[in-house]
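Enquirer: Below is the structure I would like to discuss, written out as structure tokens.
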Amino acid sequence: MAKTIVITGAGDGLGRALARRFARDGETVILLGRTLSKVEAVAAELGAPHLALQCDVGDPDSVRAAFATIAAQHEHIDVLINNAAIYEPFTLGDVRDDQIVASLMTNVAGPIYCAREALPLLRGGGHIINVSSESVAIKMPMLWLYAGGKLGVEYMSDLWARELEADKVRVTVVQAGQMMDETKTGTNWPMDVAVRFMQENAKVGLNPRERAISHYNSVTDAFRAVIDMPADLHMGTVALSARRS
């Protein structure tokens, strides 16, 4: 039976790669993204029956509206992948109010809003997959809010798994390492921020440029495996890291 899979942050990066993979596998994909034109472009590439919807995961009204549209067309969804995130470095002394709010609302509140609205559609045999990051364990300088938010989502995921067991909803964390594809040529950070990020990491013996990077398409294999786990198995956390082949 084909699955219905909802992916946040599906306009580019890992979200887009997952949408392409699952569409190719014969699943129905619902692409959510803050920039409608991006997810519409991916949905147009994939063709019917895939659907693109505007959704700012950090805005509860936007999330409610998106899932109301989904519920009008689908009585049940099989998988929610909370992938949307803001990845931005800063120091405590320099971080702006808007950066704090954006990171917390997208990276922490976003998965909560989406999981809450998706829950009625997931009950009876669904799966929530929350995307986390290897930066939780590596503790890279200037990524404390991003990594801290991901750590919070990991903790919540563990408790959700217990809470939702009676509803037959599984919850898995996929902790991913550095990823890229042919369209990703670098960050959009200001140059001074990028330089300082490299300098601060060098002080603690980390060089982001020397770390292995995996391709988004390779990472989709792990998500496929997680989704295909038999119903009597619980996979709490999958830790992925890039390696040089």
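Numbering (the numbering used here), first residue to last: -7 to 237.
Backbone N, C-alpha and C define an ideal beta-carbon position, used for all residues, glycine too.
Predicted, not measured: the structure shown is a model, and the values here were computed from it.
Roughly how many whole angstroms lie between the Cα atoms of ILE261 and LEU28?
Expert: One cannot answer for residue 261 here, as it falls past the ends of the chain, which runs -7 to 237.
Enquirer: Alpha carbon to alpha carbon, how far is VAL196 from ARG56? Give it in angstroms, no decimals.
Expert: In a straight line, the C-alpha of ARG56 is about 43 Å away from that of VAL196.
Enquirer: For ALA101, which residues in the same chain have their Cβ closer than 7 Å to its Cβ, ignoring the five residues on either side in sequence?
Expert: Cβ neighbours of ALA101 beyond the five flanking positions: GLY50.
Enquirer: Is the stretch 166 to 176 close to the stretch 203 to 212, with three or more CB pairs under 8 Å?
Expert: Yes, they touch.
Enquirer: Just grab the DSSP bridge partners of HIS119 for me.
Expert: Paired residues: VAL71, ARG162.
Enquirer: Buried or exposed, going by whether 16 or more other CB atoms sit within 10 Å of the CB of LEU72?
Expert: Burial call: buried.
Enquirer: So, under 8 Å CB-CB, VAL123 and ASN75 are touching, yes? Tell me the CB distance rounded to an integer number of Å.
Expert: Contact holds; Cβ gap of about 5 Å.
Enquirer: Is it right to say SER237 is buried, meaning 16 or more other beta carbons lie within 10 angstroms of its own, or is it exposed?
Expert: Under this definition SER237 is an exposed residue.
Enquirer: Exposed or buried, which one is TYR208 when buried takes at least 16 other CB atoms within 10 Å?
Expert: It is buried - the Cβ of TYR208 has at least 16 other Cβ atoms within 10 Å.
Enquirer: Taking C-alpha atoms, which residue in GLU67, GLU155, ILE130 lies nearest to LEU143?
Expert: Of the listed residues, the one whose Cα sits closest to LEU143 is ILE130.
Enquirer: Can you tell me whether DSSP reads THR179 as helix, strand or coil?
Expert: DSSP places THR179 in coil when its eight states are reduced to three.
Enquirer: Which residue marks the beginning of the alpha helix (DSSP H) containing LEU23, and which one marks its end?
Expert: From DSSP, LEU23 is part of no alpha helix (DSSP H) but of the beta strand (DSSP E) over 20 to 25.
Enquirer: By how many angstroms is the C-alpha of ALA15 removed from the C-alpha of ALA33?
Expert: Cα to Cα, ALA33 sits roughly 14 Å from ALA15.
Enquirer: Among MET97, GLU80, ASN99, ALA107, which has the Cα closest to the Cα of MET183?
Expert: Here the closest residue by C-alpha is GLU80.
Enquirer: Looking only at DSSP bridge pairs, what is LEU45 linked to?
Expert: Beta-bridge pairing links LEU45 to LEU24.
Enquirer: Nearest-angstrom Cα distance between ASN180 and THR229?
Expert: Their backbone Cα atoms lie some 30 Å apart in a straight line.
Enquirer: Nearest-angstrom Cα distance between GLY141 and GLY117?
Expert: Using only the alpha carbons, I get a separation of about 27 Å.
Enquirer: Determine the extent of the beta strand (DSSP E) in which THR(-4) is found, giving its start and end residues.
Expert: -4 to 0 is the span of the beta strand (DSSP E), which, as asked, contains THR(-4).
Enquirer: Thinking C-beta only, is ILE120 closer than 8 Å to ALA139?
Expert: Contact: no.
Enquirer: Quick check on DSSP: helix, strand or coil for THR229?
Expert: In this structure, THR229 counts as strand in the three-state DSSP scheme.
Enquirer: Starting from HIS207, follow its DSSP beta bridges and name the residues at the other end.
Expert: For HIS207, which the question treats as bridged, DSSP gives the partners MET172.
Enquirer: Whether or not the stretch 209 to 216 and the stretch 144 to 160 are in contact is what I'm after, with contact meaning three or more pairs of Cβ atoms, one per stretch, closer than 8 Å; do they touch?
Expert: Not touching, per the Cβ criterion.
Enquirer: Can you tell me the Cβ-Cβ gap for LEU10 and ALA44, rounded? I've got them flagged as a contact below 8 Å.
Expert: That pair is no contact at about 14 Å.
Enquirer: Helix, strand or coil, according to DSSP, for SER125 in the structure here?
Expert: Reduced to three states, the DSSP call for SER125 is strand.
Enquirer: With C-beta atoms as the reference, is GLY25 less than 8 Å away from GLY5?
Expert: No, the pair does not count as a contact, with Cβ atoms beyond the cut-off.
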